[in-house]
Amino acid sequence: MTVDKIWLVFAGTNMALINKLQGSEKIWAGLVTPPRTPVCEVTDESEEALAEFAADICARLVQGRARGQIEGILIAAPQRTLCAIQKAMPQDVQDCLLGQIERDLTDLPAAEAQNRFFEELSAGDDPIVTG
Numbered sequence: 380m381t382v383d384k385i386w387l388v389f390a391g392t393n394m395a396l397i398n399k400l401q402g403s404e405k406i407w408a409g410l411v412t413p414p415r416t417p418v419c420e421v422t423d424e425s426e427e428a429l430a431e432f433a434a435d436i437c438a439r440l441v442q443g444r445a446r447g448q449i450e451g452i453l454i455a456a457p458q459r460t461l462c463a464i465q466k467a468m469p470q471d472v473q474d475c476l477l478g479q480i481e482r483d484l485t486d487l488p489a490a491e492a493q494n495r496f497f498e499e500l501s502a503g504d505d506p507i508v509t510g
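Those letters in the sequence shown? Residues 380 to 510, per the working numbering, in order.
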């Protein structure tokens, strides 16, 4: 596996960034319209928006996989977003999953988010699933 074919997905509740691991090259940035309900209140509308957001993220990963650009995927997202991404992710993309953490790192600069991701992944303090 080559480093330039590992993609990082940083997703929040209404924003996602997909970067290459090497050099922090931005592949895609996406937004979802936040639901009009409080974040802690789950509604059909908010679940539908989250599912569409996750499907958008996964569509980008499917495209990258189909083009031979992805050999590995690392994901950082809050629990609800992470679950939605997992549900939307096809098996061939899941097979590329190297690791994930339940954390929103979208408010950090790309280099700092990467550093934080690997610190938390190696520390093992938070819920982590590795592929």
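For every residue, glycine included, the Cβ atom is placed at its ideal position computed from N, Cα and C.
Only a predicted model underlies this, so the values are computations on that prediction, with no experimental measurement involved.
Inset, instruction - Measure the CB-CB distance between L453 and V388 and report whether it falls below 9 Å. - result: Yes.
Legend entry - Within the stretch 462-508, ranges of the beta strand (DSSP E) (whole runs, at least 3 residues): Here the runs fully enclosed are 476-481.
Inset, instruction - Name, in chain order, the residues that DSSP records as bridge partners for K399. - result: Under DSSP, K399 takes part in a beta bridge, and its partners are W386.
Legend entry - Under 9 Å between C-beta atoms of R495 and V472: No, the Cβ-Cβ distance between R495 and V472 is not below 9 Å.
Inset, instruction - Run the CB neighbour count on A490, radius 10 Å, all protein chains shown included, and call it buried at 16 or more, exposed below. - result: Under this definition A490 is an exposed residue.
Inset, instruction - Enumerate in chain order the residues of its own chain whose CB-to-CB distance from R446 is below 8 Å, with the five nearest sequence positions on each side excluded. - result: Cβ within range, chain order: n/a, list empty.
Inset, instruction - Put I454 into one of helix, strand or coil per three-state DSSP. - result: Strand, per DSSP.
Legend entry - 7 Å CB neighbourhood of M380 in its chain, flanking five on each side removed: Correct list, in chain order: E450 and G451.
Inset, instruction - Could you pull out every residue in the same chain whose Cβ sits closer than 8 Å to the Cβ of T485, ignoring the five residues on either side in sequence? - result: Counting only Cβ-Cβ distances below 8 Å, and skipping sequence neighbours, we find F389, A390, G391, M394, A395, L396 and A492.
Inset, instruction - Reducing DSSP to helix, strand and coil, say where T381 ends up. - result: Looking at T381 - three-state DSSP - the assignment turns out to be coil, as it is neither helix nor strand.
Inset, instruction - Give the DSSP-derived three-state secondary structure of Q442 in the structure shown. - result: Residue state for Q442 is assigned as helix, using DSSP reduced to three classes.
Legend entry - Cutoff 7 Å; reference K384; Cβ partners in own chain excluding five residues on either side: For K384, where only same-chain residues beyond five positions count, the Cβ hits under 7 Å are Q448, I449, E450 and G451.
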